[in-house]
Amino acid sequence: MKGLWHMDQLEFEAALQYLTHPSVIPTFQDEIVNVLVKHSKDNDMSLALAYYHTVQPTLASSTALEALFSAIAKTSATEAFYFARAQPEHTQRHMFERLIALVLNASTRDTIADRSIELINLPMSRDEEAWFNEYLLHGEGRTIKRAKDTLIMRRIGTGKFTDSISLDGMNSRSIGGLDWATLTGAVQDGLGPRLNV
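The numbering of the sequence shown is UniProt numbering, which starts it at 1 and goes up by one.
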C-alpha cells in the first residue's frame with residue numbers, strides 16, 4: 001500500500017522501494033509502467049526499467065507494452081530488438097518498425113550517430129531485413145529525414161555494396177568534406193569490374 005501511496009504522490013523512487021520488494025505480490029503492473037514512463041524526467045527511463053527488470057511484470061494492455069517498449073528503445077536499441085523478438089509473432093513487425101522510428105526520430109543530436117550505428121548493426125533475420133527495407137523505402141519510415149542514409153549504411157555494413165549504390169535521391173549535403181556522391185563513387189571504384197557481375 002505504501003508503494004501505491006508514494007506513486008499517487010509522484011514520489012517514484014520511494015514507491016519503487018516498496019513496489020519492487022520481493023515479498024510484495026505485483027498489482028497494477030500496467031498502470032505502474034505507464035505512470036513511470038509518462039512521468040519520467042528528461043526522458044530518463046531508469047525508474048521504469050528498474051521496475052521492469054526487478055518485477056518482470058506481466059503486462060495485459062497494449063498501452064503498457066508500448067510504453068515499456070518505448071522506454072527500452074530510448075535506452076538501448078539492442079535490448080529493444082531482442083525484447084521485440086520475444087513478443088508474439090503478430091506484434092514483432094510493428095515493434096521492429098517502432099524501434100527504427102524511435103532511434104531515428106527520438107534520439108538527441110548527441111546520441112543519434114551512436115544509436116544509428118547500433119541500429120544498423122543489429123543481427124537481423126531475413127524477415128527483419130525485409131521489414132527494415134520496406135519500412136524505410138515504402139512504409140511510414142520513408143518520410144524520416146535519415147531513412148535513406150540509414151539504408152545505405154546498413155547495406156554497406158552488411159557487404160551489399162551494389163545494393164548500396166542503387167538508391168536514388170540521396171542527400172548530397174557534405175559533412176566534413178564527405179557526401180553520398182563521393183562515397184558512392186568510391187564504392188563503385190572499389191567494386192571495379194565486379195559492379196557489372
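Just so you know, even glycine gets a beta-carbon here, dropped at the ideal spot from N, CA and C.
Extent of the continuous alpha helix (DSSP H) run through N133 = First-last of the alpha helix (DSSP H) with N133: 126–137.
Proximal residues to F83 (C-beta, below 6 Å), its chain only, five neighbours per side dropped = I72.
task = Using beta-carbon positions only, say whether M95 and T75 come within less than 9 Å of one another.
result = Cβ distance not < 9 Å, so M95 and T75 don't count as in contact.
Local Cβ density within 10 Å of L10, reported as buried at 16 or more and exposed below that = Per the 10 Å Cβ criterion, exposed.
task = Tell me whether A14 sits in a helix, a strand or coil according to DSSP, three-state version.
result = In the structure shown, A14 falls within a helical segment according to DSSP collapsed to helix, strand and coil.
ask   = Is there contact here, the region 18–33 with the region 89–104, by at least three beta-carbon pairs under 8 Å?
value = At 8 Å Cβ cutoff, the stretches do not touch.
Exposure label - residue 203; buried when at least 16 CB within 10 Å = Beyond the ends of the chain as shown, which are 1 and 197, falls residue 203; an answer cannot be given.
query = Using the C-alpha atoms, what's the distance from Q56 back to E134?
reply = Separation of E134 and Q56 (C-alpha to C-alpha, rounded to the nearest whole angstrom) is 33 Å.
request  = Spatial neighbours of T107 within its chain, please: CB distance less than 7 Å, with the 5 preceding and 5 following residues excluded, ordered by chain position.
outcome  = Correcting the residue type first, residue 107 is Ser in the shown sequence and not Thr. Counting only Cβ-Cβ distances below 7 Å, and skipping sequence neighbours, we find R115.
message = Contact defined as beta carbons within less than 8 Å: I believe N105 pairs with G157. What is the distance between those atoms, to the nearest angstrom?
response = N105 to G157, Cβ: 21 Å. No contact.
query = In whole angstroms, what is the alpha-carbon distance linking residue 198 and E13?
reply = Any property of residue 198 remains undetermined from this structure, which presents the chain solely from 1 to 197.
message = Suppose the cutoff is 7 Å on Cβ atoms and the five residues either side in sequence are ignored; what does the same chain contact list for T78 look like?
response = Excluding residues within five positions, the ones whose Cβ falls inside 7 Å are E118, L122.
Own chain, CB closer than 8 Å to S62, minus 5 neighbours either side, in chain order = Around S62: no qualifying Cβ.
request  = Determine the DSSP secondary structure at G3, reduced to helix, strand or coil.
outcome  = Under the three-state reduction of DSSP, G3 is assigned to helix.
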